[in-house]
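Residue numbers (the working numbering): 359 to 814.
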Amino acid sequence: MPDAPPPTGDAPPDARPPHAAPDHIVIVVEENHANGQIFGNLTDAPFFNELAARGTLFTSSFAIEHPSQPNYLDLFSGNNQGVTDDSCPHTFDTPNLGHSLLQAGLTFAGYSDGLSAVGATDCAVNAYVRKHAPWINFSNVPASTHQPMTAFPTDFTQLPTVSFVIPDLQHDMHDGTIRQADDWLREQLAAYADWAETHNSLLIVTFDEDDHSDGNHIFTLVTGADIPVRRAPERISHFNVLRTIEDLYKLPHVGPDARAIDLWQEAATDFRRTVVFISGDTMPGQDLFVRGGIDYGYAASALGRDCNVDPGACQIQIRHRNLLNAGTAALKEHDDFLDWVGREPIQADAAFGTPADFTVDHWPPEWGPTKTVAVNGFGEEPLNLWGTYWMLDVDMDCNQTVDGWFEVKSFITNGPGWEPDVTQAGTPYPTANHMGQCGRINRFERGSPAADIHDF
359 MPDAPPPTGD APPDARPPHA APDHIVIVVE ENHANGQIFG NLTDAPFFNE LAARGTLFTS
419 SFAIEHPSQP NYLDLFSGNN QGVTDDSCPH TFDTPNLGHS LLQAGLTFAG YSDGLSAVGA
479 TDCAVNAYVR KHAPWINFSN VPASTHQPMT AFPTDFTQLP TVSFVIPDLQ HDMHDGTIRQ
539 ADDWLREQLA AYADWAETHN SLLIVTFDED DHSDGNHIFT LVTGADIPVR RAPERISHFN
599 VLRTIEDLYK LPHVGPDARA IDLWQEAATD FRRTVVFISG DTMPGQDLFV RGGIDYGYAA
659 SALGRDCNVD PGACQIQIRH RNLLNAGTAA LKEHDDFLDW VGREPIQADA AFGTPADFTV
719 DHWPPEWGPT KTVAVNGFGE EPLNLWGTYW MLDVDMDCNQ TVDGWFEVKS FITNGPGWEP
779 DVTQAGTPYP TANHMGQCGR INRFERGSPA ADIHDF
């Protein structure tokens with residue numbers, strides 16, 4: 359399975375700005391760095407972090423794919439237009455953000471650092487590259503909207519409704535350093551960032567993709583008028599940034615991803631306590647993890663989701679209930695989803711998925727003083743009526759399951775590894791994994807199709 363991940367941070371429930379369409383939005387797109395290379399890097403990226411401290415930082419923001427060009431197209435048109443590489447040139451006539459704004463009587467421009475002339479169609483000139491300026495590829499967006507950075511107005515009231523700012527390869531971290539990009543961003547956008555806070559305007563700073571080091575986890579922030587200072591844990595992508603702009607200006611939604619909500623829209627959730635017991639004969643030094651969510655093939659055929667491109671579309675949000683076990687507590691930090699990707703990017707290195715806790719129906723006297731889940735986080739557990747089982751005890755968002763069903767498969771470290779495929783009867787679709795029900799107790803035998811699902 360491809361790498362991908364989840365959210366962390368605090369999220370005030372009343373923070374859902376902005377409350378009116380901004381007069382101006384400026385979007386800056388940087389290059390090829392993971393969130394961890396920027397956030398907290400006060401030595402090389404002080405201005406990026408200053409902006410993050412002034413607005414909302416989305417701590418679980420992810421690019422859609424690799425390499426660069428498809429992500430720019432995703433952000434601008436909700437679709438990579440069938441482009442999966444950095445080839446040039448391309449011409450499209452499909453819906454996109456620029457065309458939608460102009461059709462609505464609003465304005466749009468893209469300002470590219472190093473562009474040779476207004477509307478230029480060169481694939482590359484010095485450090486400028488067309489693959490980072492998607493609007494020039496669309497025949498329904500006037501070439502005059504493709505502007506050099508030197509045309510970015512100093513009177514910010516003259517800015518278009520929405521504009522992109524694209525640094526060249528030296529200033530976007532592609533070829534230059536993080537510090538060079540930070541200095542350029544401060545020089546070009548600091549004045550606008552200050553002005554936006556008191557002039558009903560926004561600044562969005564994001565990245566096209568990471569450097570393949572962190573599951574495409576990227577730095578994304580929004581600052582400006584009515585934007586609270588917070589770290590937002592919601593998992594977002596380029597599609598959500600695009601949807602936010604469309605919703606602010608009441609534009610049609612372009613692209614195929616109907617799942618994307620805007621950055622300020624609270625997703626409907628239905629968290630219910632869900633318990634999974636999986637048998638597993640283990641030795642000291644072995645731990646059991648589970649992975650799961652929704653099958654990629656089923657998601658593609660029945661739900662219209664491409665989880666190979668966006669693994670988050672097949673994951674299910676969870677909140678661990680048992681944090682008392684000293685052996686697994688650290689592994690549960692930043693483990694916010696049941697998914698197929700294994701260790702989440704900011705989860706502990708020793709994690710192989712979602713950690714379970716060792717439980718028994720009766721603690722044998724020869725093992726020493728009795729341990730219990732209620733006190734120690736492992737040991738005797740009243741819900742365990744059967745013997746030696748590993749237990750996952752979480753609150754699960756049932757709205758993200760398939761009619762209440764989810765999949766799991768276990769992995770034992772330092773020994774057996776993955777359990778074999780199973781063919782469980784009575785499941786809503788064929789799968790080689792166990793299937794449980796959200797909000798219930800689910801008992802499985804490792805490597806067996808047997809399943810016992812019942813209420814608390």
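Glycine is no exception: its CB is placed at the ideal position from the N, C-alpha and C atoms.
query: C-beta atoms of Gln644 and Gln758 nearer than 8 Å; result: no
query: Beta-bridge partners of Met793, as assigned by DSSP; result: Glu765
query: Beta-carbon spacing of Val476, Gln505 below 8 Å; result: yes
query: 3-residue-minimum beta strand (DSSP E) runs that sit fully inside the segment 540-589, ordered along the chain; result: 559-565 and 579-582
query: Inter-residue spacing [alpha-carbon to alpha-carbon] between Ala539 and Asp530; result: 5 Å
query: Residue of Asn454, Leu464 and Pro511 minimising C-alpha distance to Ala491; result: Asn454
query: Candidates Asn666, Trp763, Thr556 and Tyr654: closest to Ile799 by CA position; result: Trp763
query: Of the listed residues His678, Ala658, Leu400 and Phe510, nearest to Phe695 (C-alpha basis); result: His678
query: Completely contained alpha helix (DSSP H) runs for the segment 686-770, where each covers 4 or more residues; result: 687-690 and 731-734
query: Status (buried if at least 16 other CB within 10 Å, exposed otherwise) for Glu724; result: exposed
query: Buried/exposed call for Ala671, threshold 16 Cβ in 10 Å; result: buried
query: Cβ contact (3+ pairs, closer than 8 Å) linking the segment 465-473 and the segment 407-414; result: no
query: Bridge partner(s) assigned by DSSP for Gln675; result: Phe695
query: Segments assigned beta strand (DSSP E), at least 3 residues, entirely inside the segment 495-529; result: 504-506 and 520-524
query: Bridge partners - Leu646, DSSP secondary structure assignment; result: Ile770
query: Environment of Pro525 [buried if 16+ CB atoms lie within 10 Å]; result: buried
query: Under 8 Å between C-beta atoms of Asp751 and Asn683; result: no
query: Nearest neighbour of Gln395, chosen from Ala379, His382, Pro786 and Thr417 [CA to CA]; result: Thr417
query: Euclidean distance between Cα positions of Gly805 and Val760; result: 23 Å
query: Exposure of Phe802, with buried meaning 16 or more beta-carbon neighbours within 10 Å; result: buried
query: Reduced DSSP category for Arg488 - H, G, I as helix; E, B as strand; rest coil; result: helix
query: Cβ neighbour criterion (16 or more within 10 Å) applied to Leu400; result: exposed
query: Sheet register partners of Thr632 (DSSP bridge); result: Val752
query: Extent of the continuous alpha helix (DSSP H) run through Leu460; result: Leu455 to Gln461
query: Leu609 vs Ala462 beta-carbon contact at 8 Å; result: yes
query: Contact belief for Met749 with Ala714 at Cβ below 8 Å, rounded distance in angstroms; result: 6 Å
query: Residue(s) in a DSSP beta bridge with Asn800; result: Val634 and Ile811
query: Separation of Gly650 from Asp443, as counted between CA atoms; result: 30 Å
query: Asp668 versus Gly726 - alpha carbon distance; result: 48 Å
query: From Gly436, Val599, Ala732 and Asn438, residue whose alpha carbon lies closest to that of Ser419; result: Val599
query: Residues bridged to Thr414 (per DSSP); result: Val580 and Arg588
query: Range of the contiguous beta strand (DSSP E) that encloses Ser470; result: Phe466 to Ser470
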